[in-house]
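Residue numbers (my numbering): 1 to 853. Each residue gets a CB set at the ideal place from its N, CA and C atoms; glycine is no exception. Quick caveat: nothing in here was measured; it's all calculated off a predicted structure. Just below is one structure, and these are the notes that go with it.
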């Protein structure tokens with residue numbers, strides 16, 4: 001329609017000139033000399049200062065040609081096409097045309113032609129041409145200047161126009177927005193093909209050109225930015241740019257555009273918040289609606305990038321996007337993360353040392369925005385942080401698939417805590433990992449206490465999660481959770497039975513059940529809560545083993561403090577161990593295994609005693625101090641006024657017990673032998689099987705001592721021994737005013753060196769031995785007359801001395817043999833009876849001497 005309007009304008013001019021010619025045919029002779037008309041008004045045309053002359057060809061001069069219509073040419077291309085179409089007519093009929101102003105309703109045009117020089121100026125087009133006719137329908141045009149104003153394009157060069165074949169060509173220079181170069185243009189009918197080359201130019205020239213193109217062509221703004229904003233070079237050069245353009249339909253055939261350019265010393269910005277990359281040279285190629293960037297010697301944050309492939313696809317068409325494919329051997333550190341963060345991809349791993357063979361491919365669709373991020377990272381020995389947690393690796397592979405990070409036999413290490421190989425998937429959106437780990441080494445060591453030690457345990461289900469700055473690792477099969485954060489790290493073992501096989505702490509402590517929760521900020525200071533069940537300990541409550549404990553523990557790896565929640569047990573360690581026991585008793589372990597304790601341990605007891613559960617014997621105590629160090633055991637126990645001191649070390653055994661009451665001595669012997677009284681025990685020896693000692697008693701009654709009971713039964717059964725009977729002996733027991741037993745033990749045999757018991761009713765003296773393995777007695781005792789009976793006889797003058805003798809006592813000998821549980825009592829009644837008359841006769845003969853005394 002635009003071309004028709006232009007044609008219509010030219011036709012009007014032609015009709016007007018034809019009208020003039022016909023009108024002045026009669027005046028032909030006059031025309032040779034020329035005609036001037038000041039103004040001429042027609043229905044739609046007004047002319048000022050018209051001059052016409054015929055000199056072989058017409059000479060026309062018009063000051064103003066006012067046409068009451070609008071031009072229908074909207075672009076410089078349309079006007080150019082119209083001019084090309086009418087060039088032959090101008091040259092054929094006119095030798096000169098000079099129209100200063102052709103005024104339309106919407107624009108003003110000027111046109112001058114003389115001596116093959118053609119000048120034309122409108123709001124769309126300005127040209128200065130030299131026209132050389134070759135044939136009737138073929139001309140050559142020397143373009144001094146052609147300015148396509150709506151395209152900001154300046155052209156100069158040579159053109160050939162063939163109106164018969166409708167084939168036209170141009171070869172010359174161009175300049176647009178400061179960008180200069182060579183242009184080759186061919187027109188066949190309405191199809192224009194072009195080929196452009198440029199001189200070096202700057203980014204400002206490119207930016208101005210792209211701003212213009214975007215205003216005329218559907219080009220995504222992000223794609224435009226990648227051409228003139230995200231990539232900024234010191235120098236550009238266009239090797240060629242070629243394509244087609246339909247002058248009739250204005251179709252520019254984007255899929256057939258091709259081009260090649262070079263950018264030197266460029267900076268590449270991925271996103272405003274990310275530092276730019278630097279490239280020595282970028283080769284740019286346009287084909288198939290793709291803009292491909294061939295990047296040479298790229299660096300990013302002083303990191304060399306071995307390979308970088310970048311291209312924009314669907315540059316003109318729908319669905320524009322960019323692909324960035326990078327290969328580098330460098331650290332996966334903060335600068336790399338800035339790129340990933342710019343596209344909302346958060347990889348929780350930051351490398352702090354070493355290098356990683358990395359490949360990252362980003363496919364970014366502009367509208368609507370979408371990103372497909374893939375990558376592969378081959379790990380080598382290096383240090384890194386996992387969500388801020390410092391770790392290290394030796395090997396492995398990490399693959400990126402958008403928000404999923406796949407670990408393939410990736411080695412992860414944290415201090416001396418763990419060394420694992422992980423194979424699984426980390427979801428960056430959910431910040432969690434699910435997969436399998438091989439535990440090369442896992443060590444939870446607190447102040448030398450190895451809570452968990454695992455080596456070479458493969459195919460364990462595991463999960464990681466990262467939330468609010470907390471990295472958590474869970475091992476379901478071991479019911480173990482390890483979490484790390486900036487201010488606190490935590491280790492939770494919810495079921496110790498699951499890790500018993502891997503816990504030296506449990507093995508050494510004979511532990512099997514319970515749970516542990518440990519917290520630490522710096523792996524030097526620890527707080528722990530420990531629940532232990534069914535624990536074998538020497539601690540007793542009401543003679544029942546204490547098996548369950550709730551313990552709170554703190555340590556800085558040098559000093560350790562622990563206590564049960566009921567405060568009955570507390571421990572402090574600072575080079576030495578101090579243990580406090582309250583309201584619990586200690587069961588004495590059996591066996592003679594030598595003690596070898598490298599750390600001095602002091603146990604303070606309160607309302608606590610020592611029990612021999614196998615023999616049911618007890619050292620009663622209200623408070624005590626027990627010291628254990630190397631091979632030395634020392635106990636100092638107090639109970640009321642009584643004191644019990646025990647010491648044992650290599651080659652030395654000693655017991656000093658004083659002021660023991662009957663409860664204490666009965667508990668020690670596990671028999672109710674004594675009632676009331678005061679007791680002392682002194683033992684010196686080498687070990688538990690070789691010793692000597694003295695047992696002393698004051699003002700006590702002996703009861704329930706088996707051989708005494710059997711002795712009394714024997715006295716009561718034999719009438720001739722009734723002299724030894726005393727009612728108090730049977731009802732209250734045998735009262736001992738003072739007495740002692742001296743003994744020594746050699747291995748399994750105890751020798752009673754001497755027994756001296758001075759009682760109210762009778763005295764007992766003797767010696768013997770006790771065999772400890774079969775528990776048998778072999779004692780020889782002498783029982784002297786009951787004191788009540790002897791006193792009565794002694795009150796009869798002379799008779800008492802004759803019958804009782806020097807010590808005023810009647811005595812008999814008794815053998816005690818057999819098992820301790822039921823010893824046999826054997827008296828020497830016949831021998832003592834035979835000896836008695838002889839002794840009486842002897843003392844009768846000695847009577848006078850006694851009287852003199």
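Residues in its own chain within less than 6 Å of residue i by CB, not counting five upstream and five downstream?
i: residue 455; result: 441
i: residue 660; result: 642, 679
i: residue 797; result: Residue placement at residue 797 cannot be trusted, given a pLDDT of 47 that sits under 50; the coordinates are not used to answer.
i: residue 855; result: Shown here, the chain extends from 1 to 853; a query on residue 855 therefore has no answer.
i: residue 224; result: 210, 214
i: residue 832; result: Only weak support exists for where residue 832 lies, its pLDDT of 49 falling under 50; the value from the coordinates is given anyway. Closer than 6 Å at the Cβ level, and outside the excluded window around residue 832, lie 812.
i: residue 167; result: 188
Per DSSP, residue i forms a beta bridge with which residues?
i: residue 257; result: Paired residues: none, contrary to the question.
i: residue 691; result: 685, 745
i: residue 133; result: 139
i: residue 170; result: 159, 185
i: residue 738; result: 698, 758
i: residue 639; result: 642
i: residue 191; result: 188, 246
i: residue 554; result: 527, 561
i: residue 750; result: 745, 770
i: residue 441; result: 419, 455
i: residue 545; result: 540
i: residue 252; result: BP columns for residue 252 are empty, so no partner.
i: residue 473; result: 464, 482
i: residue 625; result: 604, 636
i: residue 580; result: 570, 604
First and last residue of the beta strand (DSSP E) that includes residue i?
i: residue 667; result: Here residue 667 belongs to no beta strand (DSSP E); instead the alpha helix (DSSP H) covers 662–669.
i: residue 359; result: 356–365
i: residue 63; result: 57–67
i: residue 144; result: 138–148
i: residue 306; result: 303–313
i: residue 391; result: 389–393
i: residue 325; result: 321–330
i: residue 490; result: 489–493
i: residue 280; result: 277–287
i: residue 603; result: 597–606
i: residue 406; result: 404–414
i: residue 519; result: 513–520
i: residue 296; result: 290–300
For residue i, which of the options has the nearest alpha-carbon?
i: residue 44; options: 103, 764, 128, 230; result: 103
i: residue 397; options: 412, 386, 115, 541; result: 412
i: residue 452; options: 763, 494, 823; result: 494
i: residue 165; options: 116, 512, 136, 784; result: 136
i: residue 579; options: 585, 588, 569, 408; result: 569
i: residue 636; options: 511, 604, 778; result: 604
i: residue 748; options: 409, 690, 94; result: 690
i: residue 614; options: 338, 548, 543; result: 543
i: residue 417; options: 430, 400, 410, 389; result: 389
i: residue 443; options: 211, 459, 414; result: 414
i: residue 511; options: 64, 254, 820, 537; result: 537
i: residue 157; options: 163, 174, 760; result: 174
i: residue 264; options: 270, 278, 324; result: 278
i: residue 124; options: 118, 765, 147; result: 147
So, for residue i: in the same chain, excluding its five sequence neighbours on each side, which residues have a beta-carbon less than 7 Å away from its beta-carbon?
i: residue 830; result: Reliability of the predicted coordinates at residue 830 is poor, the pLDDT of 45 falling under 50, and no value is obtained from them.
i: residue 353; result: 382, 383
i: residue 631; result: 594, 595, 596, 649, 650
i: residue 220; result: 320, 366, 367
i: residue 783; result: 724, 762, 764, 811, 812, 814
With a threshold of 7 Å between beta-carbons, can residue i be considered close to chain D, or not?
i: residue 614; result: The question asks about chain D, but that chain is absent: this structure has only one protein chain.
With residue i as the anchor, note down where its alpha helix (DSSP H) starts and where it stops.
i: residue 772; result: First-last for residue 772: undefined, no H or E at that position.
i: residue 214; result: 203–216
i: residue 507; result: 504–508
i: residue 228; result: 221–228
Can you list, in chain order, the residues of its chain whose CB lies under 8 Å from that of residue i, leaving out five sequence neighbours each side?
i: residue 758; result: 736, 737, 738, 739
i: residue 554; result: 525, 526, 527, 528, 560, 561, 562
i: residue 458; result: 438, 439
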